[in-house]
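Notes follow once the structure below has been shown.
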């Protein structure tokens, strides 16, 4: 399976922060926002990643992540000229996807949970149909919403409804078989002028090929599209890392534990960051210090 990170858009809700920089380059506590969706794909075992962004911002991501070699994966880049909807990611990435199934994660979504890595590994085994998640939220109106029956079977999907039929929102993480490319090509723009990802999902639903996993209370999903939610996400990451002593979305650690890079390569990357807690953490991981041994 291959992975796509959609990191486009103009981020107008975060102005003036994003007038000259991509939203996905903003810090979420101690690391750039793009690290979080990238870590999701890496935890799923995906080693080929396409980052789609605006013409202005591609150079910044290339400078930050390069071709992925330092973390043992392959990263490619593509441009989305205008924010024409999430479904456009599959037509832009058609040549990258090839004959593979594909996972799409939005560049401003953060996930955290104790068993989340295992869920991702299972999801990445998909070869037929589509898999999405449902997350209970207090106000689902800003999101795609699942209408479900008493047995949590999906009845319908709506995009940003004024009167949601349930409280289950669809977070920005999707797994599709290779049919998604042709489906995306046929999607007509919505009244908002965008090719909606919910239209793609609904195609799978109507054909009986949609699988849905409801996220339980043990998994946190954070959207960072506003100043308040960006601050909340930073505070959340800080609290978890300081309390547990383990980092969220540390892509170098994931690469090491997944066997993508060697201990020597991890130490080399840590050495360039030794003035920071992040660099010291990488060194601790390389030396396999326990939480109790860390200073």
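Numbering (UniProt numbering), first residue to last: 1 to 295. Virtual Cβ for every residue (Gly too), placed ideally from N, Cα, C.
Helix, strand or coil for residue i per DSSP?
| i | result |
| --- | --- |
| residue 60 | helix |
| residue 117 | helix |
| residue 26 | coil |
| residue 201 | helix |
| residue 54 | coil |
| residue 139 | coil |
| residue 4 | strand |
| residue 134 | strand |
| residue 277 | helix |
| residue 97 | helix |
| residue 253 | helix |
| residue 80 | coil |
| residue 292 | Model confidence at residue 292 stands at a pLDDT of 41, short of 50, so the residue's coordinates are unreliable; what they give is reported in the following sentence. Coil, per DSSP. |
| residue 163 | coil |
| residue 282 | helix |
| residue 124 | coil |
| residue 191 | coil |
| residue 39 | helix |
Closest to residue i by CA distance: which of the options is it?
| i | options | result |
| --- | --- | --- |
| residue 127 | 102, 166, 8 and 24 | 102 |
| residue 138 | 167, 218 and 69 | 167 |
| residue 57 | 11, 164 and 69 | 11 |
| residue 78 | 70, 69, 85 and 59 | 59 |
| residue 177 | 270, 204 and 279 | 204 |
| residue 191 | 217, 214, 160 and 254 | 160 |
| residue 118 | 258, 264, 270 and 275 | 258 |
| residue 104 | 53, 81, 37 and 260 | 37 |
| residue 375 | 173, 146 and 254 | The structure shown does not extend to residue 375, since the chain is modelled only from 1 through 295, so no value can be given for it. |
| residue 143 | 73, 106 and 121 | 106 |
| residue 72 | 215, 123 and 256 | 256 |
| residue 55 | 183, 81 and 46 | 81 |
| residue 93 | 243, 111, 2 and 262 | 2 |
| residue 8 | 86, 42 and 70 | 86 |
| residue 97 | 23, 180 and 172 | 180 |
| residue 184 | 175, 197 and 172 | 197 |
Could you pull the DSSP bridge partners for residue i from this structure?
| i | result |
| --- | --- |
| residue 32 | 27 |
| residue 196 | In the DSSP output, where bridge partners are listed per residue, residue 196 has none listed. |
| residue 156 | 147 |
| residue 49 | 3 and 75 |
| residue 105 | 5 and 173 |
| residue 220 | 112 |
| residue 168 | 136 and 146 |
For the alpha helix (DSSP H) that residue i lies in, which residues bound it at each end?
| i | result |
| --- | --- |
| residue 271 | 263 to 271 |
| residue 213 | Unbroken run through residue 213 is the beta strand (DSSP E), 210 to 214; no alpha helix (DSSP H). |
| residue 44 | Counting along the chain, residue 44 falls outside any alpha helix (DSSP H), and DSSP gives it neither H nor E. |
| residue 242 | 227 to 244 |
| residue 88 | 88 to 92 |
I need the boundaries of the beta strand (DSSP E) containing residue i, first residue and last residue.
| i | result |
| --- | --- |
| residue 178 | Here residue 178 belongs to no beta strand (DSSP E), and DSSP marks it neither H nor E. |
| residue 14 | From DSSP, residue 14 is part of no beta strand (DSSP E); its letter is neither H nor E. |
Using C-beta distances below 7 Å, list every residue in its chain close to residue i, excluding the 5 sequence neighbours before and after it, in chain order.
| i | result |
| --- | --- |
| residue 309 | Because the chain is modelled from 1 through 295, residue 309 falls outside the range shown and cannot be assessed. |
| residue 267 | 283 and 286 |
| residue 65 | 75 |
| residue 225 | 13 and 108 |
| residue 155 | 147, 148 and 149 |
| residue 84 | 194 and 195 |
| residue 136 | 167 and 168 |
| residue 89 | 4, 6, 52 and 104 |
| residue 201 | 130, 132, 157 and 210 |
Is residue i near the ligand COA - that is, is its Cβ less than 7 Å away from at least one heavy atom of it?
| i | result |
| --- | --- |
| residue 282 | You won't find the ligand COA in this model; it holds no ligand whatsoever. |
Would residue i pass as an interface residue toward chain C - the criterion being a Cβ-Cβ separation below 8 Å?
| i | result |
| --- | --- |
| residue 35 | The structure shown contains no chain C; it holds only a single protein chain. |
I'd like the list of long-range same chain contacts for residue i, defined as Cβ closer than 8 Å, with 5 residues on each side in sequence excluded.
| i | result |
| --- | --- |
| residue 25 | 32, 33, 34, 57, 60, 61 and 64 |
| residue 278 | 30, 31, 247 and 250 |
Which residues in the same chain have their Cβ closer than 6 Å to the Cβ of residue i, if we skip the five residues on either side of it in sequence?
| i | result |
| --- | --- |
| residue 210 | 130 and 204 |
| residue 199 | 187 |
| residue 288 | none |
| residue 113 | 218 and 219 |
| residue 213 | 133 |
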